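Following our numbering, the residues of the sequence shown are numbered contiguously, the last one being 1245.
Beta carbons are placed, not taken as given, at the ideal position from N, Cα and C, and that holds for glycine.
Bear in mind the structure is a predicted one, so any value in this text is a computation, not a measurement.
Below is one structure, written out as structure tokens, with a few remarks after it.
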Amino acid sequence: MTDLNAVLTNADGDFDNSLGRLFQLVRIPSISTDPAHNADCETAARTIVADLKSLGFEAELRETPGRPMVVAHYTPKTATKSTPHLLFYGHYDVQPADPLDLWNTPPFEPVRKKDPDGVERMYGRGTADDKGQFMTFVEAARAWITTTGSLPIKATFLIEGEEESGSPSLVPFLKANKAELSCDAAFVCDTNMWDARTPAITTRLRGLVHEEITITGPSIDLHSGLYGGPAMNPIRVLTKVIAALHDKNGKVTIPGFYDGVADLPKATMKQWQSLKFSEAKFLKEVGLKQPAGEKGKSVLEQVWARPTAEVNGIWGGYTGAGTKTVLPSKAHAKLTFRLVGKQNPQKILKAFQNMVKGLIPKDCKVEFSGRGGGSPATEIPEDNPWIARSAKALKDEWRRDAVLMGSGGSIPICRFFKDILGMDSVLVGFGLNDDAIHSPNEKYNLSSYQRGIRSWVRIMDELGK
Ligand code: BES
Ligand code: MN
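Listed below in structure tokens is the structure:
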């Protein structure tokens, strides 16, 4: 038996234990956006460090001003100058689980279940985003090390704990540890497959920047009868601002918003058309029928290659049971902008703030309380040699060609790997569109986990040749 086959057999034989180790991590509610869970984030990081140490990695928890990073290195005894050194990235933090009452089983008590369609899935917050995903390369490394005593490559694992809150500590961390973290390429397991049987390599991610606005009218909440009329209602102002963000063709109206957004190259357009993507099916799965983005752009283009302005939440006044005749003092909204091409997060924020200021009547004031930051979009050249070798390994596992695709989501680090460490990223993930990441009843298919592990076993083998 070749090494590769022996390692694959070992991974399959140990699969129930792989699942147990993943469940142990999912039980830790490592929600990075909520300070009440800081200790849980630390526990998750320590659990991963201990596990990687047990495999022979030099693993450490590294403090940051926010949640800690896990950094681990493995150098095979037989490594030479020509042995490739690869970085593997994932995140142990998760999104909040609310609304809790919509979960069929508690979010942090993972379960394995055979659903009525005959497919085996695991349910729990973080099963797909991203604990189940980054554990695919931890388990692949375990299978290599327990079977052959070593890895076929030099590996550095970087598992961060702030991805879901925009990775604020990341840029300073990468800058401060440039020599230690610079590898030949970065492998990221935090994206989707094309479908449950077809692997994919993602080469485009959108950037992201967020903002929160508060509009204040009267200095206190007022009786809406005694003051309604003369007193300006900040919720009316806020809804005007929000309504002004898009025109009737779905384009964003912020001045300069599309600076740096290029038209899709003809060849890319053609390749995407050949994917035979069903817009109707994509929308139907979430209870919709009509694409609502920019007119004249396909759904794939809208998600993979066009920027957006979205309102994520809006609140103010009285929202409890019954009525209350109040004229509120304050109105709030949270917004995010998804970015593509060369759009600059800071410029977008400034342009948005200027536009809002111009829409605020004299008697009201507006405050912006976003944390700034943000990340630009990532586009990875498809002729990168690491992509070709990963595609070969994926085809060996899945018996189908990997689809080169875009994604509408954001993984801030990919752009910083390139800009700060000079590394291209290869994004290979095993998530599916219906995994319900960030939603109630998040799940990961057992086949994603098992064949994800097998895929990394093969990719490591291919890269080590
Ligand atoms: N893993 C997701 C992004 C993703 C999902 C990419 C599926 C491709 C396919 C990631 O963890 C995520 O949700 N990121 C946030 C980033 C933000 C909070 C800075 C996002 O995209 O909203
Ligand atoms: Mn993720």
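Hey, would you say residue i sits closer than 8 angstroms to residue j, going by beta carbons?
i, j, result
"L1207", "L1107", "no"
"E940", "M849", "yes"
"N972", "G1211", "yes"
"E889", "S798", "no"
"S812", "I1193", "no"
"G1209", "Q875", "no"
"V1120", "V1041", "yes"
"T1116", "L1025", "no"
"L1044", "E1081", "yes"
"V787", "T928", "yes"
"A824", "L832", "no"
"N1029", "E1074", "yes"
"A965", "M1135", "no"
"A791", "R1169", "no"
"I1022", "A1113", "yes"
"C821", "R847", "yes"
"L1063", "C963", "no"
"E991", "L1139", "no"
In the DSSP assignment, what residue or residues form a beta bridge with residue i?
i, result
"F1246", "Outside the modelled stretch of the chain, which goes from 781 to 1245, sits residue 1246, for which no answer is possible."
"V1066", "DSSP lists no partner for V1066."
"L866", "A935, A965"
"G1096", "A1111"
"G1150", "According to DSSP, which records beta bridges pairwise, G1150 is partnered with nothing at all."
"S1205", "A966"
"V1106", "H1003"
"L841", "V850"
"T827", "Paired residue(s): none; T827 is not in a bridge."
"H871", "E940"
"Y1224", "M902"
"N972", "G1211"
Using a Cβ-Cβ cut-off of 8 angstroms (strictly less than) and excluding sequence neighbours within five positions of residue i, which residues of its own chain qualify?
i, result
"L784", "V1237, R1238, D1241"
"P879", "P1220"
"E1222", "P887, Y903, G904, R905, G906, T907, A908, D909, D1215, A1216"
"E900", "R892, K893, K894, N1225, L1226, S1227"
"E943", "S812, H871, D873, D910, D970, I1191, P1192, I1193"
"T1246", "The structure shown does not extend to residue 1246, since the chain is modelled only from 781 to 1245, so the question has no answer here."
"S999", "S1109"
"K958", "I1200, L1201"
Pull up the distance between the alpha-carbon of residue i and that of residue j, whole angstroms please.
i, j, result
"Y854", "I828", "15 angstroms"
"P809", "D1214", "22 angstroms"
"T863", "W924", "16 angstroms"
"D1143", "T978", "57 angstroms"
"Q804", "A819", "16 angstroms"
"P886", "V806", "11 angstroms"
"R1179", "H817", "42 angstroms"
"Q1123", "V1091", "19 angstroms"
"N1164", "S1205", "9 angstroms"
"E1177", "L1018", "52 angstroms"
"N1013", "A1101", "21 angstroms"
"I1191", "A976", "22 angstroms"
"T1033", "T1088", "11 angstroms"
"K1069", "P1161", "34 angstroms"
"G1232", "P952", "31 angstroms"
"T858", "G870", "27 angstroms"
"T898", "I1094", "Note on residue identity: the sequence assigns Gly, not Thr, to residue 898. Computed Cα separation, rounded: 40 angstroms."
"K1061", "A1047", "25 angstroms"
"L802", "F837", "18 angstroms"
"G1009", "T1105", "13 angstroms"
"K1175", "Q1053", "22 angstroms"
"A956", "P1125", "23 angstroms"
"G1036", "L950", "28 angstroms"
"A935", "F868", "7 angstroms"
"K1245", "A1171", "15 angstroms"
"W1166", "T982", "13 angstroms"
To which residues of the same chain is residue i closer than 7 angstroms at the C-beta, ignoring the five residues directly before and after it?
i, result
"L954", "L961, F1196, I1200, L1201"
"L931", "Y854, P856, A921, W924, I925, M1240"
"I1015", "G1096, G1097, P1108, A1111"
"K1077", "R1086"
"T860", "none"
"G1153", "G946, P948"
Hey, does residue i have any beta-carbon neighbour from chain D nearer than 8 angstroms?
i, result
"K1198", "Protein chain content of the structure displayed is limited to a single chain, and chain D is not contained in it."
Return the chain-ordered list of same chain residues with a C-beta closer than 6 angstroms to the C-beta of residue i, the five sequence neighbours on each side being excluded.
i, result
"V1083", "G1188"
"L882", "P1220"
"A877", "P887, R905"
"I995", "P1014, V1017, L1018, A1111, C1144, V1146"
Between residue i and ligand 4, is the CB less than 7 angstroms from at least one heavy atom?
i, result
"N1225", "Absence of ligand 4 is noted for the structure shown, with ligand 1 and ligand 2 being the only ligands found."
Original post:
What runs of the beta strand (DSSP E), each 3 residues or longer, lie entirely inside the region 899–961?
Top reply: 900–903, 934–940
**OP:** Mind listing, in chain order, the continuous beta strand (DSSP E) runs of no fewer than 3 residues lying wholly within the region 975–1051?
**Re:** 980–985, 987–996
Subject >> Uninterrupted beta strand (DSSP E) stretches inside the region 1166–1196 (no shorter than 3 residues) >> reply: 1183–1186
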